[in-house]
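**Q** Mind having a look at this structure? Questions to follow.
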Amino acid sequence: MKKILFLHGFYASGQCIPAIALKEAFEGEADVITPDLPMHPKEAVSFIRELIDNEKPKLLIGNSCGSFYAQMVAPVVRVPALLGNPHFQMTEFLKQRIGEHQYKSPRKDGKQNFVIDDTLIEEFAEMEAIQFNNCNPDFKDRIWGLFGEKDTLAHFEPTFLKYYTKSFHFPGAHTPTADEVRNWYVPLAEELLRSNL
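Start counting the sequence shown at 267; every next residue gets the next number (this note's numbering).
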C-alpha cells in the first residue's frame, strides 16, 4: 500500500484533527503516517528526512509549520508535496509567543508543555534564511499550495507563487476542520498522487 507522510503544525501533534481526518479518508487506499515532529527545526528536518528514507512515502502533506518543512525537503527527496497554509516566517509567529505553552493535541511521549525562547527563534531564523535554496525548476509543478480564505495567521501565497505554480483556495481558516480536510485536502492529494505516478 502506498504511503503518505503528514507533517503537522507547530502547536499540533500527529494526533491532531487534520492527521486523523487524513488517516480516515485514505483508509484502505494509503497508509497515512502522522508522527509527532520534534519542536526544534533542524532536529525536525533530520527526523523527516530519516522517516522518508525508511518509509518511502509517495506524497508529503503539511500544515503551517509542517508545510514549511515539507517545502524544504520535497525537492531534495523528490517526493511531491501539498502545502496547507504554509508558514514561511515562523520567527515572526514565535516572537509574539515567547514563554511556556501547551500542545493542542496529545503527543505520544506524553509531554504537552513546551517553551518558546530566543534560542528556538534563532534556530528558525537560520532555517528561514535557506528555506528556498533547494527549489528546483524541474520540481515546481509537484509542490502545490492550499490556502484558507479565512486564515488569519499565515498570508504567504504571494511568496509561494514566486517559486511554485499550483495554488488552490478553500473557504477555511489556518487549521482545517475534518470536513475541510476531506473536501479540499484529500481530492488535491489524490490528484497530486495520480499526476506523479
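Backbone N, C-alpha and C fix where the C-beta goes; we use that ideal spot for every residue, glycine too.
The beta strand (DSSP E) with residue 333 in it runs from where to where?
**A** What you label residue 333 is simply residue 67 of the sequence shown in a count that begins at 1. Residue 333 -> not in any beta strand (DSSP E); alpha helix (DSSP H) instead, spanning 331-343.
**Q** For residue 303, which three-state DSSP category applies?
**A** Position 37 of the sequence shown, counted from the start, is the residue given in the question as residue 303. It is coil, neither helix nor strand.
**Q** What is the rounded straight-line gap between the Cα of residue 283 and the Cα of residue 274?
**A** Here residue 283 corresponds to residue number 17 of the sequence shown, with the count starting at 1. Here residue 274 corresponds to residue number 8 of the sequence shown, with the count starting at 1. One C-alpha to the other measures close to 10 Å.
**Q** Confirm, please, whether the CB-CB distance from residue 423 to residue 436 is below 8 Å.
**A** What you label residue 436 is simply residue 170 of the sequence shown in a count that begins at 1. What you label residue 423 is simply residue 157 of the sequence shown in a count that begins at 1. For residue 436 and residue 423, no; Cβs fall outside 8 Å.
**Q** With residue 332 and residue 451 assumed to form a contact (beta carbons below 8 Å), what rounded beta-carbon distance in angstroms separates them?
**A** Locating residue 332 in the sequence shown gives position 66, where the first residue counts as 1. Locating residue 451 in the sequence shown gives position 185, where the first residue counts as 1. So it is not a contact: roughly 12 Å between Cβ atoms.
**Q** Going by other Cβ atoms of all chains shown within 10 Å of its Cβ, with 16 needed for buried, is residue 395 buried or exposed?
**A** Against the sequence shown, residue 395 aligns to sequence position 129. The residue is exposed, with fewer than 16 neighbouring Cβ atoms inside 10 Å.
**Q** Among all the DSSP beta bridges, which residues are the ones paired with residue 458?
**A** Numbered from 1 along the sequence shown, position 192 holds the residue referred to as residue 458. Beta-bridge pairing links residue 458 to no other residue.
**Q** Tell me whether the stretch 400-418 and the stretch 328-346 touch, counting them as touching only if at least three CB pairs, one residue from each stretch, are closer than 8 Å.
**A** Contact between the stretch 400-418 and the stretch 328-346 is present, because at least three Cβ pairs lie under 8 Å.
**Q** Would DSSP call residue 439 helix, strand or coil?
**A** Position 173 of the sequence shown, counted from the start, is the residue given in the question as residue 439. It is coil, neither helix nor strand.
**Q** Would you kindly work out how many angstroms separate the C-alpha atoms of residue 322 and residue 313, rounded to a whole number?
**A** Walking along the sequence shown from the start, residue 322 turns up at place 56. Walking along the sequence shown from the start, residue 313 turns up at place 47. Taking the straight line from one Cα to the other gives about 13 Å.
**Q** Is residue 447 buried or exposed, if buried means 16 or more other CB atoms sit within 10 Å of its CB?
**A** Translated into the one-based positions of the sequence shown, residue 447 becomes position 181. The residue is buried, with at least 16 neighbouring Cβ atoms inside 10 Å.
**Q** Let me know if residue 364 comes out buried or exposed under the rule of 16 or more other beta-carbons within 10 Å of its beta-carbon.
**A** As a first step, residue 364 is located in the sequence shown; it is residue number 98 there, counting from the start. Burial call: exposed.
**Q** Can you check the stretch 361-415 for any beta strand (DSSP E) of at least 3 residues that lies completely inside it and give the ranges in chain order?
**A** Fully enclosed beta strand (DSSP E) runs of 3 or longer: 365-368, 379-382 and 409-414.
**Q** Considering just the uninterrupted stretch of the beta strand (DSSP E) at residue 349, what are its terminal residues?
**A** For the purposes of this step, residue 349 is identified with residue 83 of the sequence shown, where counting begins at 1. 347-350 is the span of the beta strand (DSSP E), which, as asked, contains residue 349.
**Q** How about residue 271 and residue 348: are their beta carbons less than 8 Å apart?
**A** By one-based count along the sequence shown, residue 271 stands at place 5. By one-based count along the sequence shown, residue 348 stands at place 82. Not closer than 8 Å, so no.
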